[in-house]
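Worksheet for the structure shown next.
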Amino acid sequence: MSTAPSLKIVVVGSVAAGTSAAAKARRNTETARITVYERDHDISYSGCGLPYFVGGEVGTIDELTPRDAAWFKDRYDVDVRTGHEVTAVDAAARTITVRDLATGATSEDTYDELVLATGVRSVVPPLPGVDLPGVFTVRNPSDARRIREWIETRQVHRAVVVGAGYIGLEMTEQLTERGIAVTVVEALEHAMPRMDADMSARVDAELRRNDVDLRLATRVAAIEGDGTGVTGVRVGSAEDGESVPADLVIVSVGVRPNLELAQQAGVAIGPTGAIAVDRQGRTDVPHVWAVGDVAESFNLITGEPAWVPLGSTANKMGRITGDAITGGTLEHRGILGTSIVRVFDVAVAQTGLTEDQARAAGYDVEVLHNIKPDRPEYLGGKPLLIKAVADRASGRLLGAQAIGASGADKRIDVLATAITYGADVADLFHLDLAYSPAYATTKDPVHYTGMALTNAIHGSAPLITPAELARRRADGEKVQVVDVRSAKDRARGFVDGSVHIPLAELRARAGELDPAVLTVTYCNKGVTGNAGQNVLRNLGFERVYNLSGGNKNYQSWAGAR
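Position 478 of the sequence shown, counting from 1, maps to 478 under my numbering, and the rest follow consecutively.
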């Protein structure tokens, strides 16, 4: 492609989206003048890798910042000016004001096309003591350097992490691995609040299994200390709350888009609080574009505006805008919010709509909790839980969440691909997935997910979640719950109010049950429960549900209430 020699592209911000936009624009044309302004000194860094530098799993910060301004100049002939902050935008005149942070001098620059890649800022609640030494956010390499230096020079033994989202969980893991006792304070009911509560509860359990002091539904009243450093965090109320000792505090309660320049330029802000853009990154102000974490995307399933700040999405948006500015036709196709985080010994992944989100969007959903080994147990297979959500009306897969020691990444990516292309749940069984006992079972957990959901939606084997069972009982509906496991399994725990009729005896003892009453069968994980469901259905029982995820899922749900 080619473009007019006079085209001058200015990019503000040089992490994932900004550098991607500049690089793609240069790949399309050699004649444009491309300048990137960055107020920090690190560019194109892996923000998601910062906790692992703090923990020591990544040895040096250079591993997370492999490219510098000189590299971009040599490779792309792009001028990256670090230590330069863009302080003002005049969209009518197409000018920006830039301050050299080293000298304090200001200057003006012009542009033909302006790309705002200003990213996000950490939310810092206005707490007493939040500015004490030893209180940090985690947004850039400078933050990570300061935290690691504080740990190593102050001999930190106790830390409080405020917030249990992605960064909070990663920091908790890494600090614990360093031998630091960690308390996590989360204002909501569970860690990982983006997931459904019945899945987040498993993240809670993993944290506690690793000796993390997890304080849920708890608010921070103040951070305590003096001029030399932090000494504790007061939770509850300032008057009668508890003081949790701490030598280090990580504030990770969320991020917000950096909108100052966007507001100066007069661009529209979308309903999510990020910059509204079209599918190529244009704002509603001519010649002003926005990419990455500062800009909105849209949900691939619902079509509604969405904002999920992730480096993977930022890279795509930057590349698309760099292409569009230089005459290309690439367009953004939306997001599913696909993500994954390691929490000690398990991976926690999700894609698409959660059950709560799907219901809020108006879908009549079928919900499956599928517990299967990620590979055969004779080769070390470990349980992998997949919660999948589908639309009963169309059979379309809407979302999935997965938690397991291994294999969650592979399955969530397969399911994200299926959702992207509008797969019916029946399509999942027919996927030709790679099989070897070292990596998977002959029927992969993805296949089982498709089979169970297909039977529930298109067949006559409906599912019921523990929460739905409890709701129906609370509403006064008569429900007979049948445990079809062995006596040995039942002795380890059972669903409250259930009757015990092992599967081998079910045909002979079916007369003990009322075929006109809503019936729920269950086993440990779901397979034998489905077999019992089929027996009763074939014997003329009118409404027979299989308990999603079996007793294992029920006990996890009950324990989290």
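Backbone N, C-alpha and C define an ideal beta-carbon position, used for all residues, glycine too.
Kindly indicate which residue of R359, V343 and R411 has the alpha-carbon position closest to the one of K372.
-> Translated into positions along the sequence shown, residue 372 becomes position 372. The shortest C-alpha separation from K372 is found at R411.
Spell out the partners DSSP gives N185 in its beta bridges.
-> Indexing the sequence shown from 1 puts residue 185 at position 185. Reading the sequence as shown, one finds Val at residue 185 and not Asn. DSSP links V185 through a beta bridge to V162 and R215.
Label H458 either buried or exposed according to how many other C-beta atoms from any shown protein chain fall within 10 Å of its C-beta, with 16 as the threshold for buried.
-> Counted from its first residue, the sequence shown places residue 458 at position 458. H458 comes out exposed.
Buried or exposed: where does D42 fall if 16 or more other Cβ atoms within 10 Å of its Cβ makes it buried?
-> For the purposes of this step, residue 42 is taken as residue 42 along the sequence shown, with counting starting at 1. Buried, since its Cβ has 16 or more Cβ neighbours within 10 Å.
Would you decide whether P133 is buried or exposed? Buried here means 16 or more other CB atoms lie within 10 Å of its CB.
-> The residue you call residue 133 lines up with position 133 of the sequence shown. Classification for P133: exposed.
In chain order, what residues of the same chain lie with their CB nearer than 6 Å to the CB of Y45, ignoring the 5 residues before and after it?
-> Translated into the one-based positions of the sequence shown, residue 45 becomes position 45. By the criterion of a C-beta distance shorter than 6 Å, Y45 is surrounded in its chain by L64, T65 and P141, once the five residues flanking it on both sides are discounted.
Measure the alpha-carbon distance for R39 versus A400 and round it to whole angstroms.
-> Taking the sequence shown and counting its residues from 1, one reaches residue 39 at position 39. Taking the sequence shown and counting its residues from 1, one reaches residue 400 at position 400. Distance between the alpha carbons of R39 and A400 is about 39 Å.
Go ahead and pull the three-state DSSP assignment for S548.
-> Taking the first residue of the sequence shown as position 1, residue 548 is located at position 548. Coil, per DSSP.
Got a sec, what are the start and stop residues for the alpha helix (DSSP H) W71 sits in?
-> Residue numbering aside, residue 71 sits at position 71 when the sequence shown is read from its first letter. Note, W71: alpha helix (DSSP H), A69 to Y76.
What are the boundary residues of the alpha helix (DSSP H) that includes D432?
-> As a position in the sequence shown, residue 432 is number 432, starting the count at 1. No alpha helix (DSSP H) holds D432; DSSP gives it neither H nor E.
Cβ contact (3+ pairs, closer than 8 Å) linking the segment 276-294 and the segment 229-247 | Three or more Cβ pairs closer than 8 Å define a contact, and the segment 276-294 falls short of that threshold against the segment 229-247.
Buried/exposed call for G559, threshold 16 Cβ in 10 Å | What you label residue 559 is simply residue 559 of the sequence shown in a count that begins at 1. Counting the other Cβ atoms within 10 Å of the Cβ of G559 gives fewer than 16, which makes it exposed.
Identify the residues that DSSP records as bridge partners of H500: which are they?
-> Within the sequence shown, residue 500 is the residue found at index 500, counting from 1. DSSP lists D483 as partners of H500.
Sort out for me which residues DSSP pairs V244 with in a bridge.
-> Looking up residue 244 in the sequence shown gives position 244. Its beta-bridge partners are V233.
Count the other CB atoms within 10 Å of the CB of Q155; is the residue buried (16 or more) or exposed (fewer)?
-> Here residue 155 refers to the residue found at position 155 when the sequence shown is read from its first residue. Sixteen is the threshold: since fewer than 16 other Cβ atoms of the shown chains lie within 10 Å of the Cβ of Q155, the residue is exposed.
In whole angstroms, what separates the C-alpha of L353 from that of P445?
-> In the sequence shown, counting from the first residue as 1, residue 353 sits at position 353. In the sequence shown, counting from the first residue as 1, residue 445 sits at position 445. Rounded to the nearest angstrom, the gap between the Cα atoms of L353 and P445 is 19 Å.
Whole-angstrom C-beta distance between I325 and L398, which should lie under 8 Å = Within the sequence shown, residue 398 is the residue found at index 398, counting from 1. Within the sequence shown, residue 325 is the residue found at index 325, counting from 1. Incorrect: roughly 35 Å between the Cβ atoms, too far for contact.
Between V479 and L506, which are expected to be in contact by the criterion C-beta below 8 Å, what is the C-beta distance as a whole number of angstroms?
-> Sequence index remark: in the sequence shown, residue 479 carries index 479 (1-based). Sequence index remark: in the sequence shown, residue 506 carries index 506 (1-based). The Cβ separation is near 17 Å, so there is no contact.
Compare the C-beta of L385 against all C-beta atoms of chain D and say whether one is closer than 8 Å.
-> The structure shown has no chain D; it contains just one protein chain.
Report the option in V291, G303 and A70 whose CA atom is closest to the CA atom of K316.
-> Along the sequence shown, one-based indexing puts residue 316 at 316. Ranking the options by Cα distance to K316, first place goes to V291.
Supposed contact pair A191 and L207 - C-beta distance, whole angstroms, cut 8 Å | One-based indexing of the sequence shown puts residue 207 at position 207. One-based indexing of the sequence shown puts residue 191 at position 191. In this structure L207 touches A191 by the C-beta definition: roughly 6 Å separates them, less than 8 Å.
Which residues in the same chain as F494 place their Cβ atom closer than 6 Å to its Cβ, once the five residues preceding and following it in sequence are excluded?
-> Counted from its first residue, the sequence shown places residue 494 at position 494. Excluding positions up to five away in sequence, the list reads D483.
Excluding the 5 residues preceding and the 5 following I275 in the sequence, name in chain order all residues of the same chain whose CB lies nearer than 8 Å to its CB.
-> Within the sequence shown, residue 275 is the residue found at index 275, counting from 1. Short of 8 Å from the beta carbon of I275, and not among the five residues preceding or following it, lie these beta carbons of its own chain, in chain order: L116, P257, L259, A262, V267, A268, I269, T283, A290, V294, A295 and E296.
State the Cα-Cα distance for the pair S237 and V11, rounded to the nearest angstrom.
-> Numbered from its first residue, the sequence shown carries residue 237 at position 237. Numbered from its first residue, the sequence shown carries residue 11 at position 11. Whole-angstrom Cα-Cα distance: 45 Å.
Spell out the partners DSSP gives E366 in its beta bridges.
-> For the purposes of this step, residue 366 is taken as the residue at position 366 of the sequence shown. In DSSP, E366 forms a bridge with A390.
Would you call the CB atoms of V365 and R342 closer than 8 Å?
-> Here residue 365 refers to the residue found at position 365 when the sequence shown is read from its first residue. Here residue 342 refers to the residue found at position 342 when the sequence shown is read from its first residue. Their beta carbons are not under 8 Å apart, which means V365 does not touch R342 by this criterion.
Smallest Cα separation from E113: which of M199, Y378, A91 and G241?
-> Taking the first residue of the sequence shown as 1, we reach residue 113 at position 113. Closest by alpha carbon: A91.
Whole-angstrom distance between A426 and A461, CA atom to CA atom = In the sequence shown, the residue the question calls residue 461 occupies position 461. In the sequence shown, the residue the question calls residue 426 occupies position 426. Near 14 Å, if we compare the C-alpha coordinates of A426 and A461.
What is the rounded straight-line gap between the Cα of A221 and the Cα of H369?
-> Against the sequence shown, residue 221 aligns to sequence position 221. Against the sequence shown, residue 369 aligns to sequence position 369. Cα to Cα, the separation comes out at about 38 Å.
Is it the case that the CB of I96 approaches a heavy atom of the ligand PLP more closely than 7 Å?
-> Among the components modelled here there is no ligand, and therefore nothing to report on the ligand PLP.
Short check: CB of P51 to CB of I167, under 8 Å?
-> Along the sequence shown, one-based indexing puts residue 51 at 51. Along the sequence shown, one-based indexing puts residue 167 at 167. In contact: P51 and I167 (Cβ atoms closer than 8 Å).
On the three-state DSSP scale, how would you describe P373?
-> Working through the sequence shown from its first residue, we reach residue 373 at position 373. Looking at P373 - three-state DSSP - the assignment turns out to be strand.
Is P128 buried or exposed, if buried means 16 or more other CB atoms sit within 10 Å of its CB?
-> Here residue 128 corresponds to residue number 128 of the sequence shown, with the count starting at 1. If you draw a 10 Å sphere on the C-beta of P128, you find fewer than 16 other C-beta atoms in it, and that means exposed.
6 Å CB neighbourhood of G337 in its chain, flanking five on each side removed | Here the question's residue 337 lines up with position 337 in the sequence shown. Hits under 6 Å: V308.
Under a Cβ-count criterion, where at least 16 other Cβ atoms within 10 Å of its own Cβ denotes burial, should T442 be classed as buried or exposed?
-> Locating residue 442 in the sequence shown gives position 442, counting from the first residue. Around the beta carbon of T442, fewer than 16 other beta carbons lie within 10 angstroms, which makes this residue exposed.
Measuring CB to CB, does A402 end up less than 8 Å from I419?
-> To locate residue 402, count along the sequence shown from 1; it is residue 402. To locate residue 419, count along the sequence shown from 1; it is residue 419. No.
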